[in-house]
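K.L.:
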Amino acid sequence: MITLYDCATAPNPRRARIFLAEKGLAHETVQIDLRTGEQMSDAFRRINPLCTVPALRVDEALVLSDNAAIAAYLEAQYPQPPLLGRSAQDKAEIASLNWRMEFDGLMPVAEALRNSSPAMVDRALPGPVNYPQIPELAQRGQARAQRFFAELNDHLAGRSFVAAEQFSVADITAVVAVDFARVIKLKPDQNLPHLMRWRAAMAERPSMQA
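Count along the sequence shown from 1, then add 797; that gives the number in this note's numbering.
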């Protein structure tokens, strides 16, 4: 049985949950409480020395410790429905846009949150090493996230999906980025009609409740 080490309130584990739900894969879930620092415990370090979630145990010898590895493994093992693309061209487009959704969307929100939240003093980056907050990075993250919303709205004009005219991992990453932005008080409104239309359509997919 696949085991997902999860945190229900964190964005990156949600990406893995949606991917698993789209594949229809049953799995066990172990919640890791990031608020209390459980990811830094000796017990969890033995599972994932990077001290991050998600982590996916697929057998006794293999634990996948990031979303890229999780998606690649699950797509290879369970190719239907395809979430990384069918043709070589589609795979390339989806990989490129998935990275853009992560770099331009998820990362700026995390940058804004981690460099401003009192709960994350000295935890400006995830992982086993403590790093101090830099307030200027919070300001930059907020500006980048606002730009991401505007650019994603323009990109979605006339499109039903983020990439390759098919639902893919790029849509999953984009949904999580858009929803995660609420933690920095940013959410789509009537000035972003294409983004709002796409997000409403995504909400119809059962996997989005994962």
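All C-beta atoms, glycine included, are put in the ideal place defined by N, C-alpha and C.
Apply the 10 Å Cβ neighbour rule to Gly834 and answer buried if 16 or more other Cβ atoms are within range, or exposed otherwise.
P.N.:
Here the question's residue 834 lines up with position 37 in the sequence shown. Flag for Gly834 reads exposed.
K.L.:
Within its chain, find whatever has a CB closer than 8 Å to the CB of Leu831; leave out the 5 residues flanking it on each side and keep chain order.
P.N.:
Residue numbering aside, residue 831 sits at position 34 when the sequence shown is read from its first letter. Hits under 8 Å: Cys804, Thr806, Ala807, Val850.
K.L.:
May I ask you to report which of helix, strand or coil DSSP gives Asp856?
P.N.:
Reading the sequence shown from its first residue, position 59 is the one you call residue 856. If DSSP states are grouped into helix, strand and coil, Asp856 belongs with the strands.
K.L.:
Going by alpha carbons, who is nearest to Pro923 out of Met904, Ala971, Arg941, Val980?
P.N.:
Taking the sequence shown and counting its residues from 1, one reaches residue 923 at position 126. The option with the nearest alpha carbon to Pro923 is Met904.
K.L.:
Do Ala889 and Ser913 count as a contact pair if the criterion is CB distance below 8 Å?
P.N.:
Taking the sequence shown and counting its residues from 1, the one referred to as residue 913 is at position 116. Taking the sequence shown and counting its residues from 1, the one referred to as residue 889 is at position 92. Not in contact: Ser913 and Ala889 (Cβ atoms no closer than 8 Å).
K.L.:
Would you identify the three-state DSSP class for Tyr870, choosing helix, strand or coil?
P.N.:
To locate residue 870, count along the sequence shown from 1; it is residue 73. Of the three classes helix, strand and coil, the one that applies to Tyr870 here is helix, per DSSP.
K.L.:
With DSSP run on the structure shown, which of helix, strand or coil describes Val850?
P.N.:
In the sequence shown, counting from the first residue as 1, residue 850 sits at position 53. It is coil, neither helix nor strand.
K.L.:
Given that a residue counts as buried once 16 or more other Cβ atoms are within 10 Å of its Cβ, and exposed if not, what is Gly955?
P.N.:
Position 158 of the sequence shown, counting from 1, holds the residue named residue 955. Flag for Gly955 reads exposed.
K.L.:
Would you mind giving the Cβ-Cβ distance between Val906 and Ile844, rounded to the nearest angstrom? I have them listed as a contact below 8 Å.
P.N.:
Here residue 906 corresponds to residue number 109 of the sequence shown, with the count starting at 1. Here residue 844 corresponds to residue number 47 of the sequence shown, with the count starting at 1. No, Val906 and Ile844 are not in contact; Cβ-Cβ is about 26 Å, not under 8 Å.
K.L.:
Measuring CB to CB, does Ala978 end up less than 8 Å from Ile891?
P.N.:
Counting from one through the sequence shown, the residue named residue 978 turns up at place 181. Counting from one through the sequence shown, the residue named residue 891 turns up at place 94. Against a cut-off of 8 Å, the Cβ pair of Ile891 and Ala978 comes out as no contact.
K.L.:
Please state whether the Cβ-Cβ distance between Arg813 and Leu801 is less than 8 Å.
P.N.:
In the sequence shown, the residue the question calls residue 813 occupies position 16. In the sequence shown, the residue the question calls residue 801 occupies position 4. Going by the sequence as given, residue 813 is Ala instead of Arg. Yes. Within cutoff.
K.L.:
Have a look at Cys848, Leu989, Ala885 and flag the residue whose alpha-carbon is nearest the alpha-carbon of Val926.
P.N.:
Walking along the sequence shown from the start, residue 926 turns up at place 129. Cα-wise, what sits closest to Val926 is Cys848.
K.L.:
Assuming Ser1004 and Ile815 make a contact with CB atoms under 8 Å, what is their CB distance in whole Å?
P.N.:
To locate residue 1004, count along the sequence shown from 1; it is residue 207. To locate residue 815, count along the sequence shown from 1; it is residue 18. At roughly 5 Å, the Cβ-Cβ gap stays under 8 Å, so Ser1004 and Ile815 are in contact.
K.L.:
Please report how far the alpha carbon of Ala971 lies from the alpha carbon of Asp901, in whole angstroms.
P.N.:
Numbered from its first residue, the sequence shown carries residue 971 at position 174. Numbered from its first residue, the sequence shown carries residue 901 at position 104. Here the C-alpha atom of Ala971 lies approximately 10 Å from the C-alpha atom of Asp901.
K.L.:
Count the other C-beta atoms from every protein chain shown that fall within 10 angstroms of the C-beta of Met898, then say buried if there are 16 or more, exposed otherwise.
P.N.:
Position 101 of the sequence shown, counted from the start, is the residue given in the question as residue 898. Buried, because 16 or more other Cβ atoms sit within 10 Å of the Cβ of Met898.
K.L.:
Can you pull the DSSP bridge partners for Glu825?
P.N.:
The sequence position of residue 825 within the sequence shown is 28, counting from 1. Paired residues: Thr800.
K.L.:
In the DSSP assignment, find the alpha helix (DSSP H) that holds Ile931 and state where it starts and stops.
P.N.:
As a working mapping, residue 931 is identified with position 134 in the sequence shown. Segment: none, Ile931 is in no alpha helix (DSSP H) and carries neither H nor E.
K.L.:
Report buried or exposed for Gln1006, applying the criterion of at least 16 other Cβ atoms within 10 angstroms of its Cβ.
P.N.:
Here residue 1006 refers to the residue found at position 209 of the sequence shown. With fewer than 16 Cβ atoms within 10 Å of its Cβ, Gln1006 is classed as exposed.
K.L.:
Which same chain residues end up closer than 6 Å to Asp887 when comparing Cβ atoms and leaving out the 5 residues on each side of it in sequence?
P.N.:
Within the sequence shown, residue 887 is the residue found at index 90, counting from 1. Same-chain partners within the cutoff: Ala961.
K.L.:
CB Ala866 to CB Ala909, shorter than 8 Å?
P.N.:
Walking along the sequence shown from the start, residue 866 turns up at place 69. Walking along the sequence shown from the start, residue 909 turns up at place 112. Between Ala866 and Ala909, the CB-CB gap reaches or exceeds 8 Å.
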